[in-house]
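J.: The structure is given below, and queries will be raised subsequently.
Numbering (the working numbering), first residue to last: 13 to 99.
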């Protein structure tokens, strides 16, 4: 295990991404994450609408290979204008 992270790679990892419901947000998230996770499929994503219905939370379930991979995914998600927040 690396001293820079508490995770042991490879490992199951979930990334939650928040955005506006009025976009094709699930498609956007898939397009942003797929270059980093070649085997990623739409079935690896789930979503939930906010109580008011204006926002959507998309959860991406991956097998993370490294901290560098996760950092790159979070950077690409954070850089996109449709992404409001990532967890």
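The beta-carbon is built from N, C-alpha and C at its ideal position, and this holds for glycine as well. Being a predicted model, the structure only gives us computed values, none of them experimental.
Mind listing, in chain order, the continuous beta strand (DSSP E) runs of no fewer than 3 residues lying wholly within the region 27-79?
T.: 57-61, 67-76
J.: Looking only at C-alpha atoms, which of 79, 19, 27, 22 sits nearest to residue 89?
T.: 27
J.: Please state whether DSSP places residue 99 in a helix, a strand or coil.
T.: coil
J.: Name the DSSP beta bridge partners of residue 24, please?
T.: 75
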